[in-house]
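I have placed the structure first, in the form of structure tokens, so that the comments after it can refer back to it.
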Amino acid sequence: MTVVSLRGISKTFGDGGTTALQEIELEIETAEFVSLIGPSGCGKSTLLRIMGDLTEPSAGNVIVNAKPARQARIDRDYGIVFQDAVLFDWRTVAKNIALPLELSGWDRRRRSERIKEMVRLVELSGFEDHHPWQLSGGMQQRVAIARALAFDPSLLLMDEPFGALDEMTRERLNLELLEIWRRSGSTIVFVTHSIAEAVFLSTRVVVMSPRPGRISDLIEVDLPQPRTALTREQPRFFELVTQVREALHLGSELEGGAPAPRGSEASV
Amino acid sequence: MSTPVAVQPVPRGGLGRLVGRRLVDWLPAAVVLVLTLGGWQAAIALFGIQNFLLPKPTSIAQTFWSDRGELLRAGWFTFQEALGGFAIGSGLAILSALVLARWRGVGRALMPYAIAANAIPIIAFAPITNAWFSPLTKTSKIAIAAVLCFFPVLVNTLRGLTSVRPSSLELMRSYAAGQVEIFRRVRIPTALPYLFTGLKVASVLSMIAAIVGEYFGGSFDALGVLIRSRAQTFAFTDAWAGILVACMFGIGFYVAIGLLERVALRWMPSAEE
Numbered sequence: 006m007t008v009v010s011l012r013g014i015s016k017t018f019g020d021g022g023t024t025a026l027q028e029i030e031l032e033i034e035t036a037e038f039v040s041l042i043g044p045s046g047c048g049k050s051t052l053l054r055i056m057g058d059l060t061e062p063s064a065g066n067v068i069v070n071a072k073p074a075r076q077a078r079i080d081r082d083y084g085i086v087f088q089d090a091v092l093f094d095w096r097t098v099a100k101n102i103a104l105p106l107e108l109s110g111w112d113r114r115r116r117s118e119r120i121k122e123m124v125r126l127v128e129l130s131g132f133e134d135h136h137p138w139q140l141s142g143g144m145q146q147r148v149a150i151a152r153a154l155a156f157d158p159s160l161l162l163m164d165e166p167f168g169a170l171d172e173m174t175r176e177r178l179n180l181e182l183l184e185i186w187r188r189s190g191s192t193i194v195f196v197t198h199s200i201a202e203a204v205f206l207s208t209r210v211v212v213m214s215p216r217p218g219r220i221s222d223l224i225e226v227d228l229p230q231p232r233t234a235l236t237r238e239q240p241r242f243f244e245l246v247t248q249v250r251e252a253l254h255l256g257s258e259l260e261g262g263a264p265a266p267r268g269s270e271a272s273v
Numbered sequence: 468m469s470t471p472v473a474v475q476p477v478p479r480g481g482l483g484r485l486v487g488r489r490l491v492d493w494l495p496a497a498v499v500l501v502l503t504l505g506g507w508q509a510a511i512a513l514f515g516i517q518n519f520l521l522p523k524p525t526s527i528a529q530t531f532w533s534d535r536g537e538l539l540r541a542g543w544f545t546f547q548e549a550l551g552g553f554a555i556g557s558g559l560a561i562l563s564a565l566v567l568a569r570w571r572g573v574g575r576a577l578m579p580y581a582i583a584a585n586a587i588p589i590i591a592f593a594p595i596t597n598a599w600f601s602p603l604t605k606t607s608k609i610a611i612a613a614v615l616c617f618f619p620v621l622v623n624t625l626r627g628l629t630s631v632r633p634s635s636l637e638l639m640r641s642y643a644a645g646q647v648e649i650f651r652r653v654r655i656p657t658a659l660p661y662l663f664t665g666l667k668v669a670s671v672l673s674m675i676a677a678i679v680g681e682y683f684g685g686s687f688d689a690l691g692v693l694i695r696s697r698a699q700t701f702a703f704t705d706a707w708a709g710i711l712v713a714c715m716f717g718i719g720f721y722v723a724i725g726l727l728e729r730v731a732l733r734w735m736p737s738a739e740e
């Protein structure tokens with residue numbers, strides 16, 4: 006089943022100003038893990054926000070779970086994780102995770118069962134009564150993921166969720182995220198700057214190029230599941246990383262400018 | 468927020484935690500108090516300052532102690548006026564702030580006037596509220612205290628309600644949360660520290676307003692009337708004792724609001740420093 010369907014999406018900011026996105030066509034199927042990768046200004050975050058009906062496209066159609074994106078948002082069909090964890094300091098870890106459940110009108114007993122389950126899922130048992138400022142950045146982001154998954158959304162939108170974390174933490178959370186994805190069976194759309202992260206996590210990588218933002222390549226990632234720390238050492242992993250990197254540089258060259266220096270924006 | 472911090476155990480607050488300070492932390496302030504009172508007392512003896520200019524702290528204390536029944540009754544009377552004005556003024560200010568934060572157009576239209584009104588020396592209206600509500604009633608003092616409390620609470624609360632991070636609003640939007648939910652779960656909790664700042668200012672102002680209101684005429688049970696009449700009959704030590712009582716109620720009120728703040732904002736990192 007198609008979870009997200011984008012038809013002819015364009016987005017311009019200001020009055021006839023910059024074209025952030027031009028004629029985007031993309032279909033995302035159930036249980037896919039799709040990464041959007043590209044240099045700054047290619048509109049990947051804007052595209053994610055359009056899927057979540059947090060930004061209106063200037064033209065085109067967004068269908069999520071066979072309904073308009075707005076209806077999907079109102080029906081709470083997706084969970085979202087931002088780069089900043091966006092936790093409420095006055096709420097404990099448990100209460101932060103409970104937020105969407107409260108808004109959906111779950112009763113206390115059902116909420117607390119669910120919280121227990123989610124806390125275990127993101128391995129934060131024992132921290133339920135902590136406040137966000139007592140946690141490390143990585144732990145805060147895990148709370149945000151637990152919150153996004155709390156009401157079992159069929160679609161999880163993630164906007165550079167690990168961008169602010171150090172490499173070690175990021176790699177560990179990548180493994181955890183894959184485990185969560187496998188267990189929950191949800192569809193994930195993941196925005197990132199990192200080629201290695203995109204290849205490691207995804208079933209498909211959407212390579213985008215800037216000015217105007219468009220899809221320059223779609224790369225199937227055929228690495229076997231489940232992926233482990235060893236996946237990063239397989240020759241096929243390096244091949245795919247190279248393929249994505251070349252697609253990114255090709256996309257930049259199409260723009261007419263000089264090819265981006267290696268690792269300027271997107272880096273391994 | 469993004470800086471990783473060591474994971475500490477959840478602080479559990481006892482009363483000591485709640486007050487936030489150990490007794491030893493109060494020591495510098497206590498030393499200053501003792502030195503000030505000692506210096507005051509010594510200066511009077513040394514320079515032969517006359518009693519009507521400045522009585523000795525010990526004689527103020529003696530007067531306070533011998534007249535404590537009457538003084539505290541008067542203080543309580545005036546405090547009730549202050550409390551009434553504080554409750555009405557702050558309550559209206561909070562409601563107004565909610566309205567102005569919800570409908571920003573209204574806010575933009577009214578805020579310049581609210582800020583301008585804040586610059587008016589409202590205390591100058593005390594004789595006028597006395598005329599409106601009859602000087603002998605508590606109502607006239609409650610009215611002036613309410614007006615004086617209104618603006619600091621309004622301005623602070625409004626700032627708090629509107630200083631929500633855009634990403635928080637976006638998160639709520641992703642949950643399709645309505646305005647009521649956004650106020651209840653994001654804006655109001657965000658505004659609470661700001662609200663308490665306003666309430667603390669208002670608590671002190673309310674006591675000042677009630678006493679100044681009484682200077683322009685009030686019941687014989689009122690502290691302001693007592694201070695004024697004692698000063699007029701050259702009973703300056705009595706007047707000073709009255710001022711001491713006014714301070715006690717004002718500071719007590721402020722401290723009470725501060726404690727309430729600590730209870731309400733126990734989650735705040737700064738409250739655990």
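Protein sequences appear in the order of chains A and B.
If you use the working numbering, the first sequence corresponds to residues 6 to 273, in order.
If you use the working numbering, the second sequence corresponds to residues 468 to 740, in order.
Glycine is no exception: its CB is placed at the ideal position from the N, C-alpha and C atoms.
Inset, instruction - Indicate the three-state DSSP secondary structure (helix, strand or coil) for threonine 7 of chain A in the structure shown. - result: strand
Inset, instruction - Just the C-alpha distance for tryptophan 734 of chain B and leucine 182 of chain A, rounded to the nearest angstrom, thanks. - result: Roughly 29 Å between the two C-alpha positions.
Legend entry - Cβ neighbours of serine 109 of chain A in the same chain (closer than 7 Å, five flanking residues each side left out): Arg81, Phe156
Legend entry - Every unbroken alpha helix (DSSP H) inside the region 187-229 of chain A [4 residues or more]: 200-206
Inset, instruction - Could you name the residues of chain A that glutamate 637 of chain B contacts, counting a contact when the two beta carbons are closer than 7 Å? - result: Leu59
Inset, instruction - Could you check how far apart the C-beta atoms of leucine 636 of chain B and alanine 568 of chain B are, in whole angstroms? I think they sit under 8 Å. - result: Wrong, their Cβ atoms sit about 12 Å apart, outside the cutoff.
Inset, instruction - Consider the C-beta atom of lysine 49 of chain A and the heavy atoms of the ligand ADP; say whether any pair is separated by less than 7 Å. - result: This structure lacks the ligand ADP; in fact it carries no ligand of any kind.
Legend entry - Contact check, alanine 3 of chain A vs glycine 84 of chain A, beta carbons under 8 Å: Absent from the structure is residue 3 of chain A, since the part of chain A shown begins at 6 and ends at 273.
Inset, instruction - Within the same chain, show all residues whose beta-carbon is closer than 7 Å to that of glutamine 230 of chain A, passing over the 5 residues directly before and after it, in chain order. - result: none
Inset, instruction - Would you mind sorting glutamate 681 of chain B into buried or exposed? The rule is 16 or more other CB atoms within 10 Å of its CB. - result: buried
Legend entry - Assigned secondary structure, arginine 458 of chain B (DSSP; H/G/I helix, E/B strand, else coil): Outside the displayed range of chain B (468 to 740) lies residue 458 of chain B, so it cannot be described from this structure.
Legend entry - Beta-bridge pairing of alanine 103 of chain A - partner residues as DSSP gives them: BP columns for alanine 103 of chain A are empty, so no partner.
Legend entry - Secondary structure of leucine 161 of chain A, DSSP reduced to three states: strand
Inset, instruction - Give me the Cα-Cα distance between leucine 603 of chain B and glycine 684 of chain B, rounded to the nearest whole angstrom. - result: So the two alpha carbons sit approximately 7 Å from each other.
Legend entry - Segment limits, beta strand (DSSP E) that includes serine 686 of chain B: Careful: serine 686 of chain B lies outside any beta strand (DSSP E) and carries neither H nor E.
Inset, instruction - Determine the contact status of alanine 200 of chain A and valine 249 of chain A, defining contact as a CB-CB distance below 8 Å. - result: In the sequence on display, residue 200 of chain A carries isoleucine and not alanine. For isoleucine 200 of chain A and valine 249 of chain A, yes; Cβs fall inside 8 Å.
Legend entry - alanine 64 of chain A burial status per 10 Å Cβ neighbour count (16 or more: buried): exposed
Inset, instruction - Return the residue from the list A:Gln145, A:Ser159, A:Ala252, A:Pro240 that minimises the CA-CA distance to glutamine 88 of chain A. - result: A:Gln145
Inset, instruction - Look up leucine 41 of chain A in the DSSP assignment and say whether it is helix, strand or coil. - result: strand
Inset, instruction - Please check if any C-beta of chain A sits within less than 8 Å of the C-beta of glutamate 728 of chain B. - result: no
Inset, instruction - Work out the CA separation of cysteine 47 of chain A and proline 166 of chain A for me, nearest whole Å. - result: Taking the straight line joining both Cα atoms gives about 18 Å.
Legend entry - Through-space distance from isoleucine 220 of chain A to glycine 13 of chain A, alpha-carbon basis: Straight-line Cα distance between these residues: approximately 12 Å.
Legend entry - C-beta neighbour in chain A for tyrosine 661 of chain B, strict 8 Å: no
Legend entry - Rounded straight-line distance, which links the Cα of leucine 104 of chain A to that of serine 141 of chain A: 21 Å
Legend entry - Proximal chain B residues relative to histidine 198 of chain A, where beta-carbon distance stays under 7 Å: Here the premise fails: no neighbours, minimum Cβ distance about 17 Å.
Inset, instruction - Assign isoleucine 595 of chain B to one of two classes, buried (16 or more other C-beta atoms within 10 Å of its C-beta) or exposed (fewer than that). - result: exposed
Legend entry - Cβ of phenylalanine 93 of chain A within 8 Å of any chain B Cβ: yes
Inset, instruction - Starting from the C-beta of valine 631 of chain B, find all residues in its chain whose C-beta is less than 7 Å away, skip the five residues before and the five after it, and write them out in chain order. - result: So the qualifying residues of the chain are Val653, Arg654, Thr657.
Inset, instruction - Alpha carbon to alpha carbon, how far is threonine 24 of chain A from phenylalanine 18 of chain A? Give it in angstroms, no decimals. - result: 7 Å
Inset, instruction - Please go through the same chain and pick out, in chain order, the residues whose beta-carbon is closer than 8 Å to the beta-carbon of serine 469 of chain B, but skip the five residues on each side of it. - result: In this predicted model, serine 469 of chain B has a pLDDT of only 40, less than 50, meaning its place in the structure is not dependable; the value taken from the coordinates is given anyway. Correct list: empty, nothing qualifies.
Inset, instruction - Using a Cβ cut-off of 8 Å, pull out every chain B residue sitting near arginine 175 of chain A, in sequence order please. - result: Within 8 Å Cβ-Cβ: nothing; arginine 175 of chain A doesn't reach chain B, min ~13 Å.
Inset, instruction - Report yes if the C-beta distance between glycine 556 of chain B and leucine 615 of chain B is below 8 Å; otherwise report no. - result: A contact, by the Cβ cut-off of 8 Å.
Inset, instruction - Return the CA-CA distance between phenylalanine 519 of chain B and phenylalanine 701 of chain B, expressed in angstroms with no decimal places. - result: 7 Å
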